[in-house]
Amino acid sequence: DLKDLWTFGISQLLRRSKHKTELKKFQRTYQDTMKVFTSGYHFALFLLASASFSNQFNAATAEEEPCAPVSTVTDFDVDSFVSKPWYAHQQAPTEYVPIERNYCTRAKYNKRESNTFLGYEIDVDNYTQDAEGNKYGGQLCATIVGDGKLAVAPCFLPKLLAGPYWVLAYEEERGFALVSGGQPSFRSENGMGCTTGKGVNDSGLWIFLRSRDRDEELIDEIRAMAADMDIDISVMNDVDQTNCVDVLTE
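Residue 74 in our numbering is what sits at position 79 of the sequence shown, and the numbering runs on without skipping anything.
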């Protein structure tokens, strides 16, 4: 039945779309149109309503502002970047580091003298805890894919499957880095900018400092840098770097 099919289609769009206001308006138009279908013109009216709905809905969704491409650090000194541990002071939740594990998060790197069998140049040692002190993390591998762009994965996976790890801002002298899990491609409904995903690859946003000691003024400055890049900084949460004891020898 055409009416049932049309009703089902609109209900599914209402359930999944961010543009619920526009769709509800189209649904009211459709319901008014259905009252006329009993007069014998249903096929023509169905085509007309379908075309109108399609054109209006496409126009509505096209109005969403695309995410601005972010730029990574130019003349990136990877040797300097990996020379000492990084401590996360704010980060966005991901599948592998949910907000419950925002304790003592740090990353340590080692640039290898020779590449792994799969071609990775950098060893990665990630570490984090939850509130009870349970430890998470482990060994990963990274490869350099461009200026300020790394790709990270479990060492047994080919580089083709590695996830992006982009350095958007970095100053060794001041001891900070802003890192994103690739291009933020999803515009937030709160209107505050764009985010990456929340899965494994193409996810994550971090504010790293060289020290576990918190520097609120510097963190706010880095947050402002991210906001200027059209990144939604509301997704980042604080990381507790107090009372941390891990296996890292610094």
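For every residue, glycine included, the Cβ atom is placed at its ideal position computed from N, Cα and C.
The structure displayed is predicted, hence computed values, not measured ones.
Of the residues the options, the one placed nearest residue i, counting alpha carbons only
i	options	result
C99	N185, E108, Y91 and Q85	Q85
A146	N129, E167, D118 and A164	D118
V140	Y115, E127 and K130	Y115
S78	D142, R96 and D120	D120
G186	S229, L113, R101 and F71	S229
T191	R101, P153, Q178 and E90	Q178
S175	T89, Y104, N97 and G132	T89
R207	A102, Y91 and S66	A102
C136	D125, T111, G143 and A126	T111
C239	Y91, D125 and A63	D125
M220	W201, T123 and T237	W201
P64	D225, P149 and Q236	D225
A87	T237, V73 and F203	F203
According to DSSP, residues forming a beta bridge with residue i
i	result
R101	Y82 and Y122
C189	R182 and I226
L135	V119
Y91	Partner(s): none; Y91 has no beta bridge.
G158	V147
Assigned secondary structure, residue i (DSSP; H/G/I helix, E/B strand, else coil)
i	result
D235	strand
V73	helix
A221	helix
R182	strand
L200	strand
E166	strand
L113	coil
S175	strand
V140	strand
V147	strand
L152	coil
A44	With a pLDDT of 45 at A44, under the threshold of 50, the modelled position of that residue is not reliable, and the figure given next carries that caveat. A44 falls in the helix class under three-state DSSP.
S34	Model confidence at S34 stands at a pLDDT of 48, short of 50, so the residue's coordinates are unreliable; what they give is reported in the following sentence. Of the three classes helix, strand and coil, the one that applies to S34 here is helix, per DSSP.
Inter-residue Cα distance where the pair is residue i and residue j
i	j	result
Y165	S75	10 angstroms
E108	G188	40 angstroms
G170	E184	33 angstroms
D223	F151	37 angstroms
G128	L173	26 angstroms
R182	P93	21 angstroms
E167	E60	34 angstroms
L113	L155	10 angstroms
Y131	F71	29 angstroms
R205	T67	19 angstroms
V234	A83	6 angstroms
S143	I214	According to the sequence as given, residue 143 is Gly; it is not Ser. G143 and I214: Cα-Cα distance of roughly 20 angstroms.
D227	R209	22 angstroms
W81	N232	17 angstroms
N105	Y91	22 angstroms
Y122	T138	19 angstroms
Q134	E212	32 angstroms
R218	R96	21 angstroms
A148	S180	21 angstroms
T237	E216	22 angstroms
V73	P153	21 angstroms
C62	T69	21 angstroms
Check: residue i C-beta below 6 angstroms from any heavy atom of the ligand PLP
i	result
M231	Among the components modelled here there is no ligand, and therefore nothing to report on the ligand PLP.
Within the chosen definition, does the stretch 151 to 164 reach the stretch 189 to 199 through at least 3 CB pairs nearer than 8 angstroms?
yes
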